[in-house]
Amino acid sequence: MSIKENIDQINKIKNEAAVKAGRNGEDILLVAVTKTRPPEDLNAAIDAGITDIGENKVQEIMDKYDFVKPVRWHLIGHLQTNKVKYIIDKVSMIHSVDSIKLADEINKRAEQHNLTMDILIQVNAAQEESKFGITTDETEEMIHYILENCPNIRLRGLMCIAPFEENPDDARVFFAQVKEQYDRFSKIQHERLDFKYLSMGMSHDFEVAIAEGSNLIRVGTAIFGARNYNKTV
Ligand SMILES: *Cc1c(COP(=O)(O)O)cnc(C)c1O
């Protein structure tokens, strides 16, 4: 199937899952994850209606940026503080904020560029050591730190990567936990806290994630096919 056919198919499943959950498909943002893919594939996705692109590496954004049609870029992977400066004026949202040190650096670079950066806090609901993201207890502390100390950051929500489960239904409990936190923190009254995105769900579990309240899904493989990491971009 072509990239366009895959995108149409995912939108269809996404819309059906939304309706089943009592919501509208249009309220759920599909971010096409394009790691390892060449700029032509990104442009094909944009031609097929994709408005938002997700990359997990700073280097890939920099390599592709000039060759891709206008689109919103999302940094969704682990971000090292020394690389923030390269993407601060290129991405519209950073999903993977998992430390105060990183928040401070984003704030500093955003201030230099006279912009306010939208971020999500990456939570690690499953408490897995192998994945980045902070525990549920640390999230609240970090939110308050950012609101008090980072005037060039706007908090837009939470992100999580559920542990891979053979049966995606087994990930439900993690998604539900993160949704609960999302609802709780979205009530905090502050001019720079404006929760709008709950980023959860990937190719194999996005239907379940939507059922549990996700409104932003990050889909790569189901659009572009399996990744070949030996191929250089
Ligand atoms: C690669 C990646 C995705 C997409 O994964 P697929 O299984 O290919 O859909 C989503 N989120 C993050 C953070 C990723 O690194």
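The sequence shown begins at 81 in my numbering and counts up by one. Every residue gets a Cβ at the ideal spot worked out from N, C-alpha and C, and that includes glycine. As the structure is a computational prediction, the values presented were derived from the model and not from experiment.
| Item | Value |
| --- | --- |
| Considering only the beta carbon of each residue, do H154 and G134 sit closer than 7 Å? | yes |
| Should S172 be listed as close to ligand 1, given that the test is whether its C-beta is under 6 Å from any heavy atom? | no |
| Have a look at the DSSP bridge pairing and note the partners of I297. | L110 |
| Out of N162, L182, G305, K276, state which residue places its alpha-carbon closest to the alpha-carbon of L109. | K276 |
| If you measure between the beta carbons of Y262 and L278, is that distance less than 7 Å? | yes |
| Below 8 Å, how does it come out for the region 249–257 and the region 229–239: are there three or more Cβ pairs, yes or no? | no |
| What are the start and end residues of the beta strand (DSSP E) that includes Y145? | Run containing Y145: none; DSSP gives neither H nor E here. |
| Taking only the alpha-carbon atoms, compute the straight-line gap between V313 and I180 and give it to the nearest angstrom. | Model confidence at V313 stands at a pLDDT of 46, short of 50, so the residue's coordinates are unreliable and nothing is read from them. |
| State the CB to CB distance for the pair H270 and L227, rounded to an integer number of angstroms; the pair is presumed to be in contact (CB under 8 Å). | 5 Å |
| Taking the alpha carbon of E246 as the reference point, which residue from Y225, V288, D217 has its own alpha carbon closest? | V288 |
| Answer with buried or exposed for E96, where buried requires no fewer than 16 other C-beta atoms within 10 angstroms of its C-beta. | exposed |
| How long is the line joining the alpha carbons of K170 and D250, rounded to whole angstroms? | 36 Å |
| What are the complete alpha helix (DSSP H) segments, minimum 4 residues, inside the region 116–165? | 119–127, 138–144 |
| Give the secondary structure of H224 by DSSP, where H, G and I count as helix, E and B as strand, and everything else as coil. | helix |
| Which of helix, strand or coil does DSSP assign to G305? | coil |
| Taking I297 and G281 to be in contact with their CB atoms under 8 Å, please state how far apart those CB atoms are, rounded to whole angstroms. | 4 Å |
| Is any heavy atom in ligand 1 found nearer than 6 Å to the beta carbon of T301? | yes |
| Which first and last residues belong to the beta strand (DSSP E) in which D285 is found? | D285 -> no beta strand (DSSP E), and no H or E assigned at all. |
| Would M81 be called buried (16 or more neighbouring beta carbons within 10 Å of its own) or exposed? | exposed |
| Report the residue from G102, K163, E106 whose alpha carbon sits nearest the alpha carbon of A291. | G102 |
| What are the start and end residues of the beta strand (DSSP E) that includes D198? | 197–203 |
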